[in-house]
Structures are given as structure tokens and as C-alpha cells.
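Written out below as C-alpha cells is the structure these notes cover.
Protein chains in written order, with this note's numbering: chain A, 1 to 265; chain B, 1001 to 1265.
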């Protein structure tokens, strides 16, 4: 979306499609295309939101054949929380009839959601990926890092992040002090920091599940394959099993919503 | 220190002093001048460290009349923690004979220390200022902010940061969702974020004090006057009284250490 000029969504879509699509087609889109900076701002739908409610709330773009899936808003824990696009990935990760489970979508703004095939109950966002990015690029912690991958440093970070109850703004400083005292090699700094942030997310996510008596539900991780592997490893270190969902969850979700909305047979 | 070229410390000091100082003077310095990137790397002294131990561990720079105060290292909570310069400010904030108390030094890397006139027991670092800086300058949260000061937004951030147990990487996202839903004006975003981070530091700092049965000790805040005011207000919102220490704590601390080391009468 960030590469499309203002007012350029139709041209961008037509360029993508070429001449190769049948007259009378319907189009379904999700994600930031429905945000204030997108093609059409679609109001957030309240949680819990079932598949039928999402399908009924599709927003048509002007007189086009294009509809946009609304994002979701929840109001747990005293502050609003929002998603756009992940609702579609979540529904795509769940087959028809799938039972209640936890879906984790790692990323810039990681989401933890409680959902079943019929819909999404609620969710929580953790700024793990964005914190990693800004600290890696712009903080004193990043300046200590050299290029390299270090699985042991990642695991050490995860363990400290999961177990530590000292506050994230304090725990993060251990990245500096371990490097300064030679206990962490420069090539391990980035992976330690990544593990620490993911570990802290897992600890807070687990508390969030416990408050909803949902800590025993099965967990599915959905998203970029490399990130899914990282999160699955981190969850295993925290003693939690998880499987990895389909790589095409967004397409599957759009299909389920389109079918529910009778855009397809 | 960041403005002094490699090997340029002597020239920088001479430029600062001019011709106007008596032959036979002694000089005492503290802070990052004693770090690996400073004039002379001075090993960290272990905590607890009393005034006598600090004075005995001064490191002379070559054959000059310049000595550097060592920084401190502590090993609580499973990871090392370090300071350079703050040990001198802490001792400068305590008059001879002053009883045990908590000293908070807000900043890029905020310190909470347990200390009395005779020395420093232990301390903890929180990356509050650096997190604020990188999130304000480089994250999606900063992009939502417009210029402005908003005391109510600061207080709201402090209250949420102090009370919230949802994890910092989740709590931070409330900055975005409150702005997105119109519950927080763009001019309040930066102050809300600042309050949230300071509130989270206060909550974690309070737990740190509780674990040491030190939560009832008096608190003194030492540092930049504007930051001290912010922290005192935030502590008051958390129900904790604090006073503000002398603005020249570093100079006072250097004097106390110099006297102990018999560099001055």
C-alpha cells in the first residue's frame, strides 16, 4: 500500500490484473487497503465477530466490483485494540468446523487471537517486531551488534524474556551489559534481543490467555515461514507446543468470506 | 565525550581549563571518560561499593594529575547491570551522615539505586529515555504525534503504565489505538507515550524495591530539572512522595570522593 500514490488504487489493481480476467468478476480485498490511508476507510467491526458478521459488513468501493473486509476492534483490558487483514488470515487458518484455538500471527505488530471456524472472539497486539526494528537500527543495543546468526543467543534471550519479571525496559538493558562484559558475542546480540522480545511477548500472551481460561487451547502460528519457525522454537522453550498454519491463510480467508457473502458459489 | 576525537582528551581538557589553574592541582573525572571509548578504561567496581572503596579505586591517567572514578557493576536478578558517572551523582546527592534511601536518576538509561552517605548497595537500569527516543523518532507511534505538550495525556499514560500488567510491548500499542479512535489528540501522543514508559518504570522499580524490602524508604530524584519534575509528578500519581536532589550532584560527589581520597583537604 505504501507504494501506491494517492488515488492510484484502481490503476494499481488494473496493472496487476492485466487484461486476463472475466467480465462480471467480483474482487475481495483485506488489510490496510481498508484503512484511513487506503482505498476506502472501512469502519472496524466489534469483537466478537463471526464469519457471517464479517461477510455482512463488506464495504463496496463506489460502483466497482471490489469489496473490502472490515478490520476488527476489541475493547479488553481498558484500551482498544485493532487489526486489519489478520482477521482474514485467522479465518483462513481455520477449516470449516475447526474448534476453538489460539492463533498467533507474529510480525511488526504481533497478534494473539481466540478463534474458531465460526469467528473471532477477541485478540491482543504486541509491538514485538517494531520494537526489535527500532532498537536494532537506532539504539545503543543495535550498535553493539555485528552481523551473524546465533541460535544459542536467541534461546538465551527467549529464556530470559519468558522467565524474567523485571520489566521489559530493564530486561532490554541486559543486551548491553552481557555484551559489555563479554558474556554475549557481538554476532549474538541481534538474536539475543530478538529472543528477549519474543520471550516477553510469550510471557505476556500466556498471562492474557490465563485471564481468559484459554491457556490449554491448541496454538497455531500463522505468517512468514521464517518467523513462524522462530516463534515455534521460542514457544517450545517456554514449554508450549504449537503447529504452523497454511502459508496462504490470507487467500483461504478471503475465499471463506467470499463464499459466506455469496460472492462465489 | 562524543565530541572529542580519539586521543584528544588532554587537548580538550586543556582547552577547557585555559591557563587559569594553579600548578600542582589534582583533577577528578567520572562517567564515560572511564569507559572503553573514553580516556582510560577503568574496571567496574563491584556492588556494594562504599565511599572508601570508590576513593581507593581511582585510576590515574598515565603520569598526569588526573584520576577517574570507576563505574559500578551489580549482579542482581541474573544479569549484570552497570553505571558510570551516576555513582558520583548518587554520592553527591547524599550529605555526610545521610541515612539509607532510594535515589532515582531519570534519563536515557534511568537508574534506581539503594544508597546511604557511606556508599551504594545495588542498583537497576531502565531504558526508559532511550525507548522514548527511538519510538518517538522512528516508530509508527511517533508518526501519530504532532508537536505539543499535554499534561492530561502524560497523566493518563502514567496511570496506564503504572497499573497495567499487560506487558510493555502490548501497552505501548495503546498509544496507537487511542490516537486512531480519536481518544487521544495528536498533540497528546508524545506525552502519553512518555507517561506510559515512566509509569512502567515506576511499576517495575517499585517491584524491585519490594523484593529488597525497601519500598518504604524515602526517595530522592537527581538529574535534569525538567526530568525531575516529570518523574516527581509521575511518582505522585503512583502514590509515592519524592524530593528532588541538588542540581550539582556530580560536582558534590566528586568533592566527597576527592576528600575521601585526600586529593583535597
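Ideal placement from N, C-alpha and C gives every residue a C-beta, glycine not left out. Being a predicted model, the structure only gives us computed values, none of them experimental.
Is the shortest distance between the beta-carbon of residue i and the beta-carbons of chain B less than 7 Å?
| i | result |
| --- | --- |
| residue 166(A) | yes |
| residue 201(A) | yes |
| residue 175(A) | no |
| residue 169(A) | yes |
Can you name, in chain order, every residue of its own chain whose Cβ lies under 7 Å from the Cβ of residue i, other than the five neighbours on each side?
| i | result |
| --- | --- |
| residue 1131(B) | 1197 |
| residue 1105(B) | 1086, 1089, 1111, 1222 and 1223 |
| residue 240(A) | 219 |
| residue 168(A) | 200 |
| residue 217(A) | 100, 101 and 102 |
| residue 1098(B) | 1116 and 1117 |
| residue 1225(B) | 1247 |
| residue 43(A) | 70 |
What is the rounded straight-line gap between the Cα of residue i and the Cα of residue j?
| i | j | result |
| --- | --- | --- |
| residue 174(A) | residue 1051(B) | 26 Å |
| residue 30(A) | residue 122(A) | 18 Å |
| residue 1074(B) | residue 70(A) | 51 Å |
| residue 1158(B) | residue 1190(B) | 12 Å |
| residue 1084(B) | residue 1148(B) | 33 Å |
| residue 1235(B) | residue 1019(B) | 46 Å |
| residue 22(A) | residue 115(A) | 35 Å |
| residue 3(A) | residue 253(A) | 24 Å |
| residue 1142(B) | residue 134(A) | 12 Å |
| residue 34(A) | residue 61(A) | 10 Å |
| residue 1244(B) | residue 57(A) | 56 Å |
| residue 1279(B) | residue 1072(B) | Chain B is shown only over 1001 to 1265; residue 1279(B) falls outside these bounds and no answer can be derived. |
| residue 1178(B) | residue 212(A) | 23 Å |
| residue 1096(B) | residue 1248(B) | 16 Å |
| residue 1128(B) | residue 1144(B) | 20 Å |
| residue 183(A) | residue 1026(B) | 36 Å |
| residue 102(A) | residue 1255(B) | 60 Å |
| residue 38(A) | residue 94(A) | 27 Å |
| residue 1092(B) | residue 1109(B) | 19 Å |
| residue 1100(B) | residue 1118(B) | 9 Å |
| residue 1206(B) | residue 1180(B) | 32 Å |
| residue 1146(B) | residue 1059(B) | 47 Å |
| residue 1124(B) | residue 215(A) | 32 Å |
| residue 1011(B) | residue 1041(B) | 18 Å |
| residue 210(A) | residue 113(A) | 13 Å |
| residue 1233(B) | residue 1187(B) | 20 Å |
Would you say residue i faces chain A, with C-beta separation under 7 Å as the test?
| i | result |
| --- | --- |
| residue 1172(B) | yes |
| residue 1146(B) | no |
What residues are listed by DSSP as bridge partners for residue i?
| i | result |
| --- | --- |
| residue 1115(B) | 1101(B) and 1120(B) |
| residue 68(A) | 29(A) and 59(A) |
| residue 93(A) | DSSP lists no partner for residue 93(A). |
| residue 110(A) | 126(A) |
| residue 49(A) | 120(A) |
| residue 220(A) | 103(A) and 243(A) |
| residue 1073(B) | 1046(B) and 1082(B) |
Going along the chain, which residues of its own chain have a beta-carbon closer than 6 Å to the beta-carbon of residue i, five neighbours each way excluded?
| i | result |
| --- | --- |
| residue 238(A) | 162 and 202 |
| residue 55(A) | 257, 260 and 261 |
| residue 228(A) | 221 and 244 |
| residue 164(A) | 171 |
| residue 66(A) | 27 |
| residue 45(A) | 57, 70 and 72 |
| residue 151(A) | none |
| residue 1024(B) | none |
Keeping to the same chain, check which residues put their C-beta closer than 8 Å to that of residue i; ignore five residues upstream and five downstream.
| i | result |
| --- | --- |
| residue 194(A) | 132, 154, 157 and 230 |
| residue 48(A) | 119, 120, 121 and 122 |
| residue 975(B) | Outside the shown range of chain B, which is 1001 to 1265, sits residue 975(B), and nothing can be said about it. |
| residue 81(A) | 73, 74, 75, 123, 124 and 125 |
Measuring only from the beta carbon, is residue i closer than 6 Å to any heavy atom that is part of the ligand MN?
| i | result |
| --- | --- |
| residue 33(A) | As presented, the structure is devoid of all ligands, the ligand MN included, so that no description of it is given. |
Below 7 Å between beta carbons is the criterion; list the residues of the segment 70 to 91 of chain A that meet it against any residue of chain B, in chain order. 77, 79, 80, 81 and 82
Interface residues of the segment 116 to 140 of chain A facing chain B [CB-CB below 9 Å]: 124, 125, 126, 127, 128, 130, 131, 133, 134, 135, 137, 138, 139 and 140
What residues from the segment 1180 to 1204 of chain B come within 8 Å of chain A, judged by C-beta to C-beta, listed N to C? 1180, 1181, 1183, 1197, 1200, 1201, 1203 and 1204
Residues within the segment 1024 to 1055 of chain B neighbouring chain A, beta-carbon criterion of under 7 Å: none
Within 9 Å of chain A by C-beta, residues of the segment 1226 to 1256 of chain B in sequence order: none
Quick one: which residues of the segment 8 to 24 of chain A get their C-beta closer than 8 Å to a C-beta of chain B? List them in chain order. none
Can you pull out the residues from the segment 205 to 221 of chain A whose beta carbon lies closer than 9 Å to at least one beta carbon of chain B? 205, 207 and 208
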